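Here's the structure, in structure tokens; my notes come after.
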Ligand SMILES: C[S@@+](CC[C@H](N)C(=O)[O-])C[C@H]1O[C@@H](n2cnc3c(N)ncnc32)[C@H](O)[C@@H]1O
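Residue numbers (the UniProt record's numbering): 1 to 477.
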């Protein structure tokens with residue numbers, strides 16, 4: 001066992017963190033992971049972690065300054081983390097802090113050149129640039145004034161912009177939402193488990209019956225893992241609120257002796273995994289690709305006049321359709337991992353290609369359509385804009401949107417979306433990934449996995465459009 005792991009184990013013991021002797025902590029050049037020494041069975045309680053041992057804005061030595069400055073959330077926690085790190089051996093969390101990496105390799109810590117080279121075309125490119133801008137703004141607005149005139153002597157060496165980025169990367173990738181009182185916090189031990197999409201072995205829970213809990217409720221254990229769960233990494237149900245109490249770690253899926261014990265950080269695609277945690281997975285079923293509304297409109301205006309496009313877009317909007325919106329204020333459509341484009345995009349393209357007569361008919365009846373339920377709206381739209389009667393079963397209705405024009409425009413949009421990745425072909429990127437070492441070229445490796453997972457979805461969008469073009473051809477024969 002490594003020296004830092006031994007020190008961490010001693011620290012856990014002195015902070016009443018108790019864990020099963022079936023858990024083994026493996027410290028390798030790839031980071032720390034947790035393995036099972038013996039078989040773990042569903043329902044086994046494998047660790048208990050007192051809330052008091054967690055580093056939160058309430059437990060940190062700088063809590064009064066954080067409260068007085070009105071800082072909360074991730075920013076407050078990042079300041080607490082920087083402060084405890086600045087204390088070195090004098091911090092009550094020293095034994096825990098020494099096992100943390102200096103920073104997590106999340107894209108907002110990359111250089112601008114790396115972001116531009118590795119993420120261009122991907123769902124993260126714009127977002128990461130915005131993140132970097134916002135982080136600098138936050139640091140200038142909230143942290144810098146504390147260094148210059150704060151009541152504590154805060155040293156630039158520990159509270160500078162670099163240290164802030166490092167702390168934020170650790171907060172993003174390792175913090176858990178504990179309860180309303182503590183907010184999110186660094187939870188020692190719980191943050192040693194790696195993620196596996198849809199295949200986690202443990203869940204973290206707030207134990208409502210633990211001694212010292214402020215809010216003792218009927219002895220139940222709160223489990224944040226119900227069907228419409230927040231990510232299991234999130235313990236945000238506040239039924240057990242207050243400074244004291246215990247977090248528990250329970251096995252939800254058995255692990256054989258020797259196997260790695262995984263947690264889940266939630267159901268998310270590779271863009272979100274890379275964004276928050278600095279890694280990606282191959283074959284992640286939650287991957288998606290987005291196509292911006294601006295790209296769709298740009299392509300439409302290469303075929304139609306601007307006036308024509310505006311009027312078709314206005315009809316689509318009058319029907320109360322819209323794309324998704326992001327933190328960078330763009331409107332976009334999702335293409336799911338099977339290559340199926342969001343229904344709203346198919347409807348927009350359908351409306352774009354309506355004949356002038358049908359478009360006029362639609363506009364005359366648009367008020368009745370807006371009053372229809374979501375389910376009826378599509379039926380009414382198709383009834384109003386088609387010459388033949390609708391005999392299809394409802395599951396086939398969406399297929400009626402996929403006219404030849406709509407399918408052809410999906411193919412064009414796929415090509416346009418793909419150009420954003422730059423000059424390298426898909427084949428070249430596959431061979432780059434094959435020759436890339438994950439350990440030595442982490443940023444390149446994970447960004448290539450992201451790029452390829454997105455480009456594969458674009459390929460599936462093409463197959464989707466071809467499939468419907470072929471079906472229509474076959475029907476016409
Ligand atoms: C909560 S920590 C997990 C413990 C971590 N491995 C360590 O060394 O302390 C989260 C970080 O672990 C790494 N990680 C977790 N799951 C991973 C996975 N499936 N593949 C690669 N890295 C992973 C990522 O660097 C992530 O930001």
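Ideal placement from N, C-alpha and C gives every residue a C-beta, glycine not left out. Just so you know, these numbers come straight off a predicted model, no measurement behind them.
Notebook entry, point to check: In terms of residues, what are the limits of the alpha helix (DSSP H) holding residue 306?
Noted result: 306-318
Check: Quick one: is residue 275 buried, meaning 16 or more other Cβ sit within 10 Å of its Cβ, or exposed?
Finding: buried
Margin query: Which of the three DSSP states is assigned to residue 247 in this structure?
Written below: strand
Next item on the list: Alpha carbon to alpha carbon, how far is residue 184 from residue 255? Give it in angstroms, no decimals.
Entry: 28 Å
Item checked: As assigned by DSSP and simplified to three states, the class of residue 272 -> Collapsing the DSSP output to three states places residue 272 in a helix.
Note to self: Helix, strand or coil, according to DSSP, for residue 112 in the structure here?
What the structure shows: helix
Next item on the list: Measure from the alpha carbon of residue 84 to the alpha carbon of each residue in 72, 54 and 105, then state which is nearest.
Entry: 54
Checklist line | Pick from 309, 380 and 196 that is closest to residue 348, judged by C-alpha positions | finding: Per the Cα distances, 309.
Checklist line | Range of the contiguous alpha helix (DSSP H) that encloses residue 470 | finding: 442-476
Next item on the list: Helix, strand or coil for residue 6, going by three-state DSSP, please let me know.
Entry: helix
Note to self: When you measure from the CB of residue 435 to every non-hydrogen atom of ligand 1, does any distance come out below 8 Å?
What the structure shows: no
Margin query: DSSP three-state label for residue 40, please.
Written below: strand
Next item on the list: Might you give, ordered along the chain, the residues of its own chain that have their beta carbon closer than 7 Å to the beta carbon of residue 318, omitting 5 neighbours on each side?
Entry: 366 and 370
Next item on the list: Quick one: residues in its chain with C-beta nearer than 6 Å to the C-beta of residue 417, no 5 flanking neighbours on either side, listed in chain order?
Entry: 291 and 458
Note to self: So, with DSSP's three-state summary, where would you put residue 227?
What the structure shows: The predicted model places residue 227 with a pLDDT of 35, which falls under 50 and marks its position as unreliable; any figure quoted below should be read in that light. The answer is coil: DSSP assigns residue 227 none of H, G, I, E or B.
Checklist line | Cβ-heavy atom distance, residue 196 to ligand 1, below 8 Å | finding: yes
Margin query: Quick check on residue 300: buried or exposed, where buried means 16 or more other Cβ atoms within 10 Å of its Cβ?
Written below: buried
Notebook entry, point to check: Around the C-beta of residue 177, are 16 or more other C-beta atoms found within 10 angstroms, so that it is buried, or is it exposed?
Noted result: buried
Item checked: Any non-hydrogen atom of ligand 1 within 8 Å of residue 406 CB -> no
Check: Can you tell which of 12, 472, 315 and 46 has the C-alpha that lies nearest to the C-alpha of residue 396?
Finding: Out of 12, 472, 315 and 46, 472 has the C-alpha closest to the C-alpha of residue 396.
Notebook entry, point to check: Where do the N-terminal and C-terminal ends of the beta strand (DSSP E) with residue 333 fall, by residue?
Noted result: 331-335
Checklist line | Reduced DSSP secondary structure (H/G/I, E/B, other) of residue 480 | finding: Residue 480 is absent from the model: the chain starts at 1 and stops at 477.
Next item on the list: Using DSSP bridges, identify the partner residues of residue 290.
Entry: Looking at the DSSP assignment, residue 290 forms a beta bridge with 334.
Item checked: Heavy atom of ligand 1 within 8 Å of residue 120 beta-carbon -> No - ligand 1 has no heavy atom lying nearer than 8 Å to the Cβ of residue 120.
Next item on the list: Hey, could you find the ends of the beta strand (DSSP E) residue 134 is sitting in?
Entry: Residue 134 -> not in any beta strand (DSSP E); alpha helix (DSSP H) instead, spanning 125-138.
Item checked: Touching by the beta-carbon criterion (3+ pairs, under 8 Å), the region 86-103 and the region 165-177 -> Yes: at least three Cβ pairs fall under 8 Å.
Next item on the list: State yes or no: is the C-beta of residue 287 within less than 9 Å of the C-beta of residue 34?
Entry: no
Notebook entry, point to check: So what's residue 74 in DSSP terms, helix, strand or just coil?
Noted result: helix
Check: What residue does the alpha helix (DSSP H) around residue 499 start on, and which one ends it?
Finding: Given a span of 1 to 477 for the chain in the structure shown, any question on residue 499 remains unanswerable.
Check: In this structure, does DSSP put residue 205 in helix, strand or coil?
Finding: strand
Notebook entry, point to check: Can you tell me where the alpha helix (DSSP H) with residue 159 in it begins and where it stops?
Noted result: Where residue 159 is concerned, the enclosing alpha helix (DSSP H) starts and stops at 156-159.
Notebook entry, point to check: How big is the Cα-Cα spacing for residue 23 and residue 204?
Noted result: 15 Å
Check: Going by Cα to Cα distance, which pick from 63, 72, 202 and 16 is closest to residue 52?
Finding: 16
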